[in-house]
């Protein structure tokens, strides 16, 4: 079985996989090399980087980074659900500021503001570039706001399918994959749920005037001034909106 891998900088970089066929070895080796390049780039940008071969390993890393009794919170994230991290958050060991428990819009707004004082914020990300940048687009802005400022520690989870070459490719991923899927998940009537994003062949969301538009806040987290506040867990599996997997993984 695979082993959890909280990165040990002093350990040699050995093989993490045992494969049955040579083709699979080459494919996995290429994927691993790309992940390691991204990890190096993240750390040069003052973000802690970790590698989890599987979703189960990502949950183990999250547990290592959390302390019993921590006040924790999260942004809306399919990745947290699919990996099992959300189950960990709800296990009872932590004080979870769960926005889904809010009974009124006022309660939800209050929770959004309390998030800034939490110990740990957990979230996914729309894309991770090979330059070690985190690219995100939000509708309300509460998710990206907490990534930028407030919580003492931020844990960011990303499947290998979220890795892209640069910011331009990150924007393409958002328009062609993440935003339409999220809009459909939230039952929102936007142009991208009926066809291509109006900005697919140009500026992101150019021409979109929908009142339900969820591409409202654009953020890039590059080199951080507070070293080690952001922890990025890269997962060796495709997680969250993987129908463009062939385009987004190995290149």
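In the working numbering, the protein residues as written are 52 to 302. Heads up, the beta-carbon is just placed ideally off N, CA and C, and yes, glycines get one too.
Where residue i falls, given that 16 or more other Cβ within 10 Å makes a residue buried
i	result
residue 152	exposed
residue 184	buried
residue 285	buried
residue 271	exposed
residue 69	Reliability of the predicted coordinates at residue 69 is poor, the pLDDT of 34 falling under 50, and no value is obtained from them.
residue 287	buried
residue 260	exposed
residue 277	exposed
residue 155	exposed
Same chain, Cβ closer than 7 Å to residue i, five either side skipped, listed in chain order
i	result
residue 95	183
residue 291	129, 130, 133, 175, 210
residue 273	96, 184
residue 140	123, 125, 147, 173
residue 137	131
CB-CB length for residue i against residue j, believed under 8 Å
i	j	result
residue 221	residue 215	5 Å
residue 226	residue 179	So it is not a contact: roughly 17 Å between Cβ atoms.
residue 188	residue 266	5 Å
residue 89	residue 157	41 Å between Cβ atoms; not a contact.
For residue i, the nearest candidate out of the options (CA to CA)
i	options	result
residue 289	105, 81, 97	105
residue 201	169, 189, 84, 180	169
residue 116	241, 217, 223, 205	205
residue 275	191, 240, 199	199
residue 159	142, 143, 191, 186	191
residue 114	142, 224, 181	142
Same chain, Cβ closer than 6 Å to residue i, five either side skipped, listed in chain order
i	result
residue 162	148, 150, 153
residue 283	93, 98, 100, 207
residue 268	189, 192, 195
residue 217	180
residue 224	178, 215
residue 110	135, 136, 139
Cutoff 8 Å; reference residue i; Cβ partners in own chain excluding five residues on either side
i	result
residue 306	Since the displayed the chain opens at 52 and closes at 302, residue 306 lies outside it and no answer follows.
residue 120	144, 145, 146
For the segment 159-174 against the segment 123-135, are there 3 or more C-beta pairs whose distance is under 8 Å? Cβ pair count under 8 Å is three or more, so yes.
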